[in-house]
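Keeping their order, the protein sequence lines are chains A and B.
29 is the number that my numbering gives to position 29 of the first sequence; each next residue is one higher, with no gaps.
1401 is the number that my numbering gives to position 401 of the second sequence; each next residue is one higher, with no gaps.
For each residue, glycine too, the CB sits at the ideal point set by N, CA and C.
Here's the structure we're looking at; comments come further down.
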Amino acid sequence: MHGLLSPTCRKTGLTGGVGSRNIAAVIKLLYRLSPVRTDLFDIYPDLAPLRASMKSGDWRRVSGYFEGLPIRADWSVAVRAVARTRGAERFLQRVVDSERDSALVRTLLGARFIVMAWDARSGLLAQYVKQAQWQIFHDYLNRAERLLADATTIDPTNAAAWTERVKVARGLGLGVDEGRRRYDRAAEHCDVPYLAQAELAQNLCPKWGGSLDALLTFARERLETGKPGTLDGAVLADALIERAFMEDDYSLMEQNLQDGSVRSELARAAEQTVLHPDFDPSTHGTVAAHATFAYAFFVAGDHKRMAPHFAALGDRSNWYPWGVWHGKNWKDTFRSARRAARKW
Amino acid sequence: MFRVGRVDETLATSGITHLVEHLALHRHGTPDYHYNGMTSATTTQFVIQGAGDAIVAYLNDVCAGLRDLSLERLAVEKKLLETEASNRPTPVNQMLPLWRHGARDFGLVSYPEWGMQSLREEQVLQWAHTYFNRANAVLWIAGDRIPSGLRLDLPDGQRWPLPPESSAAPTLPAYFAADSPILVMDGQVPRTRAAAAFARALDRVLFRELRQNRGLSYTAAAAYTTDGRPHATVTAIVDAQPDQIGDALDCLLAEVRNLAQTETADSELETIRALELEGLSDPEVDARLLPRRATDLLTGFRSATTRELIDGFRTMTAKQVSAAAGTFVGTAMLMLPGSHAHRATGFEAAPTFSRFAATGKRHRSRASHDVHLIVGDDGVSLSIPQGASTVLFDDCTAMLRWPDGARQLFGADGMTVRIEPTLYPSATVVLDRIDSRIPQTAIVDMPARQPNEIPKPSRARSLRRRARSWLIPRRAWLDRVATPRGGIRQLLYSVGIAVAVSALTISAFAFSRPGLLLLAITFLGALIWRRKDNGHW
């Protein structure tokens, strides 16, 4: 926890003697009992029928669920939810062979392989990511790429498949231009491709071969042209956080986000998107956006501004961006930040 | 010239037109003048250069030969054609039609002439009778008069239109990987003067940039070709040293896109215009264009007169040239070395696997744990972890059959499934089932193979491969707990726990204290379960 809890602890005055340290430890332990839900099926209740039909292995109900979604909505969150289901690849592989012209099953299996690729790579410390692991990572991504390419060939208007292909372009190192091309195809067929924007923001990061300028220009342009009351523009929070992540240590990161212009830009983005009166809180992707804004304000120490985001989140959250810096214990950080926000 | 070529054949009869051409010419004997027969993708022509009476004798002989083929030469000519094929140099763009069109019509030129193995007399006769007829022929003569005495005694028949072009690349532009360090890119453009000018502009810019300025390539060229179809093909070829092929690829793509996105500079456009017009002012231009016009006449494409060509070049604009370049990029097929595929931004991979596998009984290969032969009701698949190649029985264009039982099936989309009977248990049942589903006309019987060409599965090798495929994903974990690579402390920790577990287990049994066993299990858990860090993103 590297003392990240300290701002909160100092406030509650629990850093005193030996006894109070024990009490703090007990409270921390008790806090762990309160769940922070990250499973997409849990955090979006309307995905429940999809989970049930995946569990029963009934392809007709799965495809029926997707057919029921509005055509130009962002299907990517539902696709991700399926993709994170362990063992789904066996069921989906069978369906690929029987549903010979289905773009949907190829999208789902491709997305599943992407998740498996990242699991294979990152379930290990960086020093252990040896040649063999990279081999597996690339192998899964190549399989995903083939399936998703088939999906976009069968149905070029499949924005969810294009969204996943943005991520594949990143993993396989196909370059920023290719990632941008794929994003453009997703944006063509989806009103608010928030997930695709978040993926492209990653592609545009310097660590993946992009540049900070391109990243910020893209995010600001989304905010300018996006329709108020939708998630279009929330990607600016991702961009600013990614810029802060480039700093070497935590205090520099704090300084970066505490800057007045950064905070007002974040606040403007939040007001135009998730905090807008017309915003529909059941939109898929809402939790990811709230979690990103909450994190940015949390690091900036702006407890007042992070409060509405935590209020909207409740016990729901997202691994990104909380887990990037805080590692496996990010949920503790999330809980303590939420506690601090409630003080407002 | 006749409107028949390789595009009219099937994979199982490929080479039949070429065979007819050879059989028809056999009786003409030793030449006084230069004569020849040529089979291309869309046409077959018989040409001679010489005096009037030699032309008459040659053409009359050809027609007689076509009416009455020298079938006694069939076996000899088949062998000759195989020799011809094995000695002919492979053109660098040989494989592009396969990836664009598959194993049918316009893609057949990429395949060997397998018809030589199995064609029978009646098939050859039937072919000659169907296609080499009066209505399907055009005669062109470059000279001041038509020699007297021409009979051209051919049977009546019909004009054969070009078969429709099929597509094996669902998304264009596309790329496919090849081994050689050479880049070949072709695209389909309308048959306009602007498109021809684009090809010349590309040729010039590639030569200038890749050869002269950057010195990356020896060959850097582009050319415009037609074959009677309503569109022309522009082919660009660039070679480079293996370590520089990536730079050459970047340069090629940049130049092509540049031509499509920006208008050619006026000075360059005027140079190209002047060059093209100079070519057309040659007094023999009409004679030179005759073969192309004869082809167009046969396929029904209205080709431009020389006057129209000149006017076309005079009036073309830079905008039209870049529009042609745009069409080229949009329909491009690119051959590149596999290691550089990720640099072809905007190009989709042409399919290397089928979209699905057949559903049916799975036969595991004796040579490899995760290779399966799947024989379904409607097709057969070879499945490996990366994907499956599937040939549906209804789409099977040819099946090669060797005396040792091996089969190779070719799907219309270019996918192929090779079945080696030594690799699969119960192979004979499978082979019989497949044979019964493939039409007799698609089967090609191949000569016996050398014993070293027949795979012999080794059980030991298969087991080793299986162990490796299990081990590799777990190697990082093993490194962490039980190999020196994970650090000596980790190794000592693991050894220590292992010793403790063994000691506890032994004493539990030796002293009849089952409680110790519980302790041993706990220790064992500590050995297996180590916390992992979940760094993501």
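Quick check on DSSP: helix, strand or coil for residue i?
| i | result |
| --- | --- |
| His1363/B | strand |
| Met158/A | Note on residue identity: the sequence assigns Asn, not Met, to residue 158/A. If DSSP states are grouped into helix, strand and coil, Asn158/A belongs with coil. |
| Asp1445/B | strand |
| Glu1284/B | coil |
| Ser6/A | Legend: pLDDT at Ser6/A = 39, less than 50; position of this residue unreliable, value from coordinates given subsequently. Correct three-state label for Ser6/A: helix. |
| Asn1133/B | coil |
| Ser1014/B | coil |
| Val192/A | coil |
| Asn966/B | As displayed, chain B neither begins before 1001 nor continues past 1537, which places residue 966/B out of reach and without an answer. |
| Phe41/A | helix |
| Ser1462/B | helix |
| Ser1354/B | strand |
| Gly110/A | helix |
| Gln1094/B | coil |
| Glu1009/B | coil |
| Gln1212/B | helix |
| Ala52/A | helix |
| Ile1438/B | coil |
| Lys1456/B | coil |
Taking 7 Å as the threshold (C-beta atoms), are residue j and residue i in contact?
| i | j | result |
| --- | --- | --- |
| Thr273/A | Leu231/A | yes |
| Phe91/A | Gly57/A | yes |
| Ile1374/B | Gly1387/B | no |
| Val1501/B | Ala1520/B | yes |
| Val1234/B | Tyr1224/B | yes |
| Asp1395/B | Ala1412/B | yes |
| Phe1132/B | Phe1046/B | no |
| Leu1298/B | Val1138/B | yes |
| Asp97/A | Arg1355/B | no |
| Gln133/A | Arg121/A | yes |
| Tyr1175/B | Phe1347/B | yes |
| Ser317/A | Leu195/A | no |
| Leu1269/B | Leu1183/B | no |
| Ala1194/B | Val1321/B | yes |
| Ala159/A | His189/A | yes |
| Phe1106/B | Glu1009/B | no |
| Ala1236/B | Leu1275/B | no |
| Val1007/B | Thr1017/B | no |
| Gly1379/B | Thr1397/B | no |
| Gln1049/B | His1034/B | yes |
| Leu104/A | Val82/A | no |
| Met1585/B | Lys1078/B | Residue coverage of chain B in this structure runs from 1001 to 1537, which leaves residue 1585/B outside it and unanswerable. |
Per DSSP, what are the beta-bridge partners of residue i in this structure?
| i | result |
| --- | --- |
| Cys205/A | None, per the DSSP bridge assignment. |
| Gln258/A | BP columns for Gln258/A are empty, so no partner. |
| Met1399/B | Leu1409/B, Ile1443/B |
| Met1185/B | Ala1236/B, Leu1334/B |
| Arg1418/B | Gln1408/B |
| Tyr1224/B | Val1234/B |
| Phe1002/B | Thr1044/B, Ala1137/B |
| His290/A | In DSSP, His290/A forms no bridge with anything. |
| Gln135/A | In DSSP, Gln135/A forms no bridge with anything. |
| Gly1379/B | Leu1392/B |
| Ala337/A | Paired residue(s): none; Ala337/A is not in a bridge. |
| Gln1049/B | His1034/B |
| His1372/B | Arg1364/B, Ser1383/B |
| Glu1348/B | Ala1174/B |
If residue i sits next to residue j, beta carbons under 8 Å apart, how far is it from one beta carbon to the other, in whole angstroms?
| i | j | result |
| --- | --- | --- |
| Ala201/A | Ala219/A | 6 Å |
| Ala239/A | Leu216/A | 5 Å |
| Leu1080/B | Ala1128/B | Leu1080/B to Ala1128/B, Cβ: 18 Å. No contact. |
| Thr1345/B | Gly175/A | 6 Å |
*Jot down the residue ranges of each uninterrupted alpha helix (DSSP H) in the region 223-285 of chain A, minimum 4 residues, whole runs only, in chain order.*
235-245, 250-258, 260-272, all fully within the region 223-285 of chain A.
*Within the region 1489-1532 of chain B, ranges of the alpha helix (DSSP H) (whole runs, at least 4 residues)*: Here the runs fully enclosed are 1514-1528.
*Where are the alpha helix (DSSP H) runs, 4 residues long or more, that stay fully inside the region 294-322 of chain A, in chain order?*
The region 294-322 of chain A is shown to contain whole alpha helix (DSSP H) runs of 4 or more residues at 303-313, in chain order.
*Please list the segments of the beta strand (DSSP E) lying wholly inside the region 1148-1202 of chain B, counting only runs of 3 or more residues, in order along the chain.*
Fully enclosed beta strand (DSSP E) runs of 3 or longer: 1174-1178, 1182-1190.
*What alpha helix (DSSP H) runs, 4 residues minimum, are completely inside the region 1261-1325 of chain B?*
Runs of the alpha helix (DSSP H) spanning 4 or more residues and lying entirely within the region 1261-1325 of chain B occur at 1266-1280, 1285-1299, 1306-1315, in chain order.
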